Amino acid sequence: MNDQRIIQQLRTGKREKAFIQLYKGFPIVKKLIESKGGTSVEAEDVFQEALIIFYKKAIQPEFELTASISTYVYSVARFLWKDEMKKKGLKYGTEEVGNIKFESELEEIAQKEKKFQVVEEVLKSIGEKCLEILQLFYYRGLSMKEIARQVDLKSEKVAKNQKYKCLERARKRALEKQTINA
Amino acid sequence: MRKELQEIEIIENYLLGKMSANEKADFEKQLETDASLKQNLEMQKSLIDGLQRMGLKNDLLSAKRSLFMRKVWTWFGAAVLLTAIAFGIYYNSEKEELVEKVEKEINDERAEIKDKGVKNKDKGLRTKVDSVVIMSDSRNEEKVRDEGLTTKEDSLVMLSDSRSEKMKAQVALRSNGALEKSLPDFAEFPVKGFQTFKINSSKANTITGNERTIIEIPANAFETKSEAMVELKLQEFYKLSDMVFANLTTQTKDGQLIETGGMVNIEAYQGAKLKLAEGKSITLKFPFEEKKEGMKTFLGDKDERGIVVWKEQEIQYQKVEYIHTTAKDTFSSDIQFISIRIGDESDRMEKMFATRDEDVKEYLIDHLRLPKLSLKELKGFIYISFVVQSDGKISATEVNSAGNAPVIAYEYLKKTAAELPPIVPYRKNDKYLITQFEIRVDLNKNFESKMLGGEDLQEYYDNLRRERSKMKEASKEDFDKKLEVRNDQIATSLEEGGLLTEDQLRSQTSQYILNSTNLGWINCDRYPFAKNGKSSFNVFERDKGINCSLILHSVRGIVSPTYIKQGNYIFPQLPNKELVSVLAFKTEDKKNYVSYYQTSHNKESHEFEFEPLTKEKLQQITIELNAIRN
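Those protein sequence lines, which keep their order, are chains A and B.
Start counting at 1 in the first sequence, then tack on 1392, and there's your number in my numbering.
Start counting at 1 in the second sequence, then tack on 153, and there's your number in my numbering.
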């Protein structure tokens, strides 16, 4: 599939089709990571991170593709792995990574992604139903009315209230986590 | 709305750009001075980002899954059309193309891409295809297809997003007035009466129903008031006709079909209805002619359609034991462990592990040592969780949440938990499973005696670790041995209570023996089908108030439609080509009609064929239903 079409799909919310295309790039990234001492599980994590980073970039209106998508994702994955190795105190290898323009920007993104892992843990701890409500609203973008129907709540109002309660619970859990990690 | 929730709403409106210009200006002004508001804003923002990220990850996983399935089909298709070798070439060339493309763009990565990995992997693929080709030689392509997919699916179970499936089921089961299920008013329907038993509940009792269900009730099993005499009422359902004419189905709450080995309805009365006392369970023995593996206890409840739907009984207590790895170990065995707290209505969403295990908690508190703290600091609680691997090792020791407890205490509790001796993991279907535990430890002044000065503390934990490392690793044999010992103990206690007679032994081998912690509707069931190769069974019918069921032939099961869509009664998914009986009743102008015929599930929409309901017709249906052997 044509790269521009993938981006078009991502921007118009047709993520599913686009992701299937993008996932075809995995074998190459996997080989890269494995050749650099990673496991296939690590390779998959890195690859998914890279896709998420690409996705977030791609949906910004000012984003312009300067290389092919597979190159982009491959380079991001390579950068992420290098970063990971650095943290583990290991050398990535002797060679230098090519001069990709977005490298400094990537460093910042990688930092952010780390932070999300904590948030993810928090969200996983707030209960299945809460998570479902929040995801339907903030990720799928459904209306509260539709959500009330899907998760079997009496009314839109109840759903809305529940959503705020769930956010509150997540906030509390996050605070608890912060105190522990501090 | 509470104040906290109001703030969350305001923040959300800001984040989603739902504020008017004025509101926005006010809010931003407030942000400058209110540090906690600012912090909450940041937090909420990162939660929303996190939600989006998690959603993306889920979507990626399902993309991966679709891609994989697509590939499986491609492999299969290619295998049938071409030879295995030709296919290998085809696949290689596709991969090579992709590799080349990237190589062109990233010159310096050439060496890495051309490594042995690709070739090895392709060899693996080719073997897979070979096996498919061989199977298709057996000229049962349909079957091969299904099997091929089943295995693939199985290996992917972990990746699939089970939540979305659950969601679908919930949507399908939304209350639908049109599906209310009641039988027409017809005097000839057989009535399944209650059998009544009077028992002295202070002793253990065994009752046997007319259709040979044996129910064993331990002493003092009920929450009785003062008297011991209890009246038991029992209904048994083994014949398909009995089930159908009692409006029973074999479906779970989320619409899944289950296969039944018999159902009973058991109620206990002492004037009012009684419940089983907490911690008590009854044993039910369902007779069978031919054994089917994997039968479990399902408990029934009426849903909004007025039919009894079933839910697998949750395991409430699980025996977990320590492995005695050293002579020094003095733990007692047989600990009651893990319960899954579902909570009442208001607390419904707190679905998490809690433990009732006093022994593990005791061990932790026993072995915990803390640095010098002031008495004031000894307060609050800590939830600590750890995972028992299937080999008994403790890992992923983590503090989940805490209230007011000093941070230093977390660390030392974690340290102590990390040195737990191997624990026998949870066992299900003869497999040891990875088990998660969560334990709450409350700090109080009694912990004062556990405080040690710097060097002593260090030495204490060093010793603990050394001691632990001297213990041998637990193995599956150890676990099994433990189980054997326990079985022996049970056997001995049985023998002491009198040897089983020949008759008892024989009857034991022709019954499903299950436990139930509840009275009411109890069903002996299993999940009959693999999850693939199914599609929903539809019956086209304009009338909406029709009571209809499908009676399956290959397994003992009855299902009702889950919803009506565009004039179609949609039943749960069934395997293709499944032989079924379609049974429906309706009442028009005070006259009753019935439709009954056999058909196979061929993905086409079926229709009812109504005729007047007569005594003769009912008899004929009864005979036909009971002739179904499964």
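We treat Cβ as the ideally placed atom computed from N, Cα and C, and that holds for glycine.
Remember, predicted model here, so these are calculated numbers, not experimental data.
query: Go ahead and label K217/B buried or exposed: buried means 16 or more other beta carbons lie within 10 angstroms of its beta carbon, across all protein chains shown.; result: buried
query: Between the Cα of E369/B and the Cα atoms of T436/B, P765/B, G447/B, which residue gives the shortest distance?; result: T436/B
query: Residues of the region 1401-1421 of chain A in Cβ contact with chain B at a cutoff of 9 Å, in chain order, please.; result: R1407, E1408, K1409, A1410, F1411, I1412, Q1413, L1414, Y1415, K1416, G1417, F1418, P1419, I1420
query: Using only the alpha-carbon positions, how far apart do F1439/A and E1513/A sit?; result: 20 Å
query: With DSSP run on the structure shown, which of helix, strand or coil describes R695/B?; result: coil
query: On the CB-based measure, 16 or more other CB atoms within 10 Å of its CB, does E608/B come out buried or exposed?; result: exposed
query: Would you check if there are 3 or more beta carbon pairs closer than 8 Å linking the region 520-539 of chain B to the region 608-618 of chain B?; result: yes
query: Keeping to the same chain, check which residues put their C-beta closer than 7 Å to that of F451/B; ignore five residues upstream and five downstream.; result: I411, W463, K464, E465, Q466, N676, D678
query: Kindly indicate if chain A contains any beta-carbon less than 7 Å away from that of A216/B.; result: yes
query: Thinking C-beta only, is I1518/A closer than 7 Å to Q1554/A?; result: no
query: Pull out every residue of the region 190-206 of chain B whose Cβ sits closer than 9 Å to any Cβ of chain A, in chain order.; result: N193, M196, Q197, S199, L200, I201, D202, G203, L204, Q205, R206
query: Show which residues of chain B have a CB atom less than 7 Å away from the CB atom of A1469/A.; result: Under the 7 Å cutoff, chain B gives no residues; its nearest Cβ is about 11 Å from A1469/A.
query: Can you tell me whether E185/B is buried or exposed? The criterion is at least 16 other CB atoms within 10 Å of its CB, across all chains shown.; result: exposed
query: Does the region 1442-1452 of chain A come close enough to the region 1466-1477 of chain A to have 3 or more Cβ pairs within less than 8 Å?; result: yes
query: Do G203/B and L1515/A count as a contact pair if the criterion is CB distance below 7 Å?; result: yes
query: Name the residue from S354/B, P765/B, S753/B, E176/B whose alpha carbon lies nearest to the alpha carbon of K744/B.; result: P765/B
query: Quick one: Cα of I1539/A to Cα of G1417/A, how far?; result: 34 Å
query: Is the region 693-704 of chain B touching the region 731-739 of chain B in the sense that three or more CB pairs, one from each, lie closer than 8 Å?; result: yes
query: Quick one: what's V383/B bridged to in DSSP?; result: I352/B
query: Does DSSP put I537/B in a helix, in a strand, or in coil?; result: strand
query: Quick one: list the residues of chain B neighbouring A1566/A, beta-carbon separation under 9 Å, in chain order.; result: M196, S199, L200
query: Skipping 5 residues on each side, what residues in its chain have a beta carbon closer than 6 Å to that of T550/B?; result: F539, K567, A570, A571
query: Mapping DSSP to helix, strand and coil, what is L732/B?; result: strand
query: Just to make sure I have the definition right: I need the residues of chain A whose C-beta is within less than 9 Å of the C-beta of S219/B. Which are they?; result: E1408, F1411, I1412, Y1415
query: DSSP three-state call for P1419/A: helix, strand or coil?; result: helix
query: In three-state DSSP terms, what is I675/B?; result: strand
query: Whose CA, out of Y536/B, A421/B, S354/B, lies closest to the CA of L385/B?; result: A421/B
query: Counting only the same chain and skipping the five closest in sequence on each side, list residues whose C-beta sits under 6 Å from that of M448/B.; result: G414, Y665, C677, R679
query: Could you tell me the distance, in whole angstroms, from the CA atom of E731/B to the CA atom of K697/B?; result: 25 Å
query: Here's a check: name, in chain order, each residue in its chain whose Cβ is nearer than 8 Å to the Cβ of K198/B, leaving out the five neighbours to either side.; result: L168
query: Give the residues of chain B in contact with A1562/A, contact being defined as C-beta atoms less than 7 Å apart.; result: L200
query: DSSP has E465/B in a bridge; who is on the other side?; result: F451/B
query: Counting along the chain, where does the beta strand (DSSP E) carrying Y871/B start and finish?; result: The structure shown does not extend to residue 871/B, since chain B spans only 154 to 783, so no value can be given for it.
query: Pick out whichever of K438/B, E769/B, R782/B has its Cα sitting closest to the Cα of L667/B.; result: K438/B
query: Is any beta-carbon of chain A found at less than 7 Å from that of G408/B?; result: no
query: Out of curiosity, what's the CA-to-CA distance linking M604/B and L573/B?; result: 20 Å
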